[in-house]
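Residue numbers for the sequence shown follow the working numbering, so the first one is 14 and each next one is one higher. Glycine is no exception: its CB is placed at the ideal position from the N, C-alpha and C atoms. Nothing here was measured: the structure is a model prediction, and the numbers come from that model.
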Amino acid sequence: MPQNEHIELFQKRFGRRLDYYEKKRKKEAREPHKRSAVAKKLIGLKAKLYAKKRHSEKVTMKKTIQQHSERSNKHKVEEDAQPGAIPAYLLDREQTSRAKVLSNTIKQKRKEKAGKWEVPLPKVRPVAEDEMFRVMRSGKRQKKTWKRMITKATFVGPGFTRKPPKYERFIRPSGLRFTKAHITHPELKCTFQLQILGVKKNPNGAMYSSLGVLTKGTVIEVNVSELGLVTPGGKVVWGKYAQITNNPENDGCVNGVLLV
Numbered sequence: 014m015p016q017n018e019h020i021e022l023f024q025k026r027f028g029r030r031l032d033y034y035e036k037k038r039k040k041e042a043r044e045p046h047k048r049s050a051v052a053k054k055l056i057g058l059k060a061k062l063y064a065k066k067r068h069s070e071k072v073t074m075k076k077t078i079q080q081h082s083e084r085s086n087k088h089k090v091e092e093d094a095q096p097g098a099i100p101a102y103l104l105d106r107e108q109t110s111r112a113k114v115l116s117n118t119i120k121q122k123r124k125e126k127a128g129k130w131e132v133p134l135p136k137v138r139p140v141a142e143d144e145m146f147r148v149m150r151s152g153k154r155q156k157k158t159w160k161r162m163i164t165k166a167t168f169v170g171p172g173f174t175r176k177p178p179k180y181e182r183f184i185r186p187s188g189l190r191f192t193k194a195h196i197t198h199p200e201l202k203c204t205f206q207l208q209i210l211g212v213k214k215n216p217n218g219a220m221y222s223s224l225g226v227l228t229k230g231t232v233i234e235v236n237v238s239e240l241g242l243v244t245p246g247g248k249v250v251w252g253k254y255a256q257i258t259n260n261p262e263n264d265g266c267v268n269g270v271l272l273v
């Protein structure tokens, strides 16, 4: 534990105050009232900016909720006529059942937007920043420490060119760059060597996704055109998502399972 973190140390040893969680709950409950009070008092440009910010927050929240919930509707049950007479008061009553109305392709697209998939590894060990990056010293007397070298396997696109050393903050060693992955199809029980198209989501954070870091549990996009998969409309599927199931920096290759 770093020096001078006395509060954290005290909490570890003796726990929190007895009313801590109650006070925290009440504080969170007061938050919307405080926000509205601030919104009422603001005038002019500050009010406009605040309203715009709140509006964008609400829009993103509603979109996320909408994407995560799958819409269902009621429809008539297609049943054969039951033997025997039906009472008069039941003749005009239609039986209904709730059913999901979204097609598989639309469901998949919505899940992709919301960032949730049915993955073989739902939970993975988080990777610490010290483990992911190594501090690179630079400058005339090796005093500058703003550069970082990525110690994990990475993916960079075919048209990638490095920045000049003066501006390059994150260094991705060429020995740890991968362009192909061994992907297993869960239904066919076959493994194919496929081209990696991009890194969709790294479970450790958005920064690692943008840097193209390949760790265990990362969702990548692979080129499945040679597998001959087609959509219900008859079009050839070009890219599909897969999850990495090994530690590429230890094994020297990328293994994964296709998300179908």
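- In the structure shown, A219 adopts helical secondary structure according to DSSP, grouped into three states.
- With respect to the 8 Å criterion, P133 and F191 are not classified as neighbours on the basis of their beta carbons.
- Nearest to V235 by C-alpha distance, out of K76, L210 and R185, is L210.
- Annotated three-state conformation of F191 is coil, per DSSP.
- Runs of the alpha helix (DSSP H) lying entirely within the segment 39 to 82 and spanning at least 4 residues, in chain order: 57 to 81.
- According to the DSSP assignment, R30 belongs to no alpha helix (DSSP H), since it is labelled neither H nor E.
- Between the beta-carbon of I196 and that of G269 there is about 5 Å, and that keeps the pair under the 8 Å contact cut.
- Ranked by Cα distance from L207, the options E239, V232 and S222 are led by E239.
- Under the criterion of beta carbons closer than 8 Å, K214 and V137 do not qualify as touching, at roughly 12 Å.
- Within the model, the alpha-carbon separation for F205 versus P45 is close to 53 Å.
- Following the DSSP letters along the chain, one finds N236 inside the beta strand (DSSP E) bounded by residues V232 to N236.
- The Cβ-Cβ distance between F168 and V212 falls below 8 Å.
- With at least 16 other beta carbons inside 10 angstroms of its own, I233 counts as buried.
- 8 Å or more divides the Cβ of I163 from the Cβ of L227.
- In the three-state scheme derived from DSSP, where H, G and I count as helix and E and B as strand, Q208 is classed as strand.
- When rounded, the separation of the alpha-carbon atoms in V140 and N217 is 7 Å.
- At the C-beta level, V267 and I257 come within 8 Å of one another.
- For N263, the enclosing alpha helix (DSSP H) covers residues P261 to D264.
- For Y254, the beta-bridge partners assigned by DSSP are E234.
- Residue burial is scored here from C-beta neighbours: M220 has fewer than 16 other C-beta atoms within 10 angstroms and is therefore classed as exposed.
- In this structure A42 is exposed. Its beta-carbon is surrounded by fewer than 16 other beta-carbon atoms within 10 angstroms.
- Taking all protein chains shown into account, L271 has 16 or more neighbouring C-beta atoms within 10 Å of its C-beta and is therefore buried.
- In terms of Cβ geometry, I184 and K165 do not form a close pair [threshold 8 Å].
- Bridge partners of N268 according to DSSP: H195.
- Residues of the same chain with a CB within less than 7 Å of the CB of R123, apart from the 5 flanking positions on each side, are Q80 in chain order.
- V226 is bridged by DSSP to T167.
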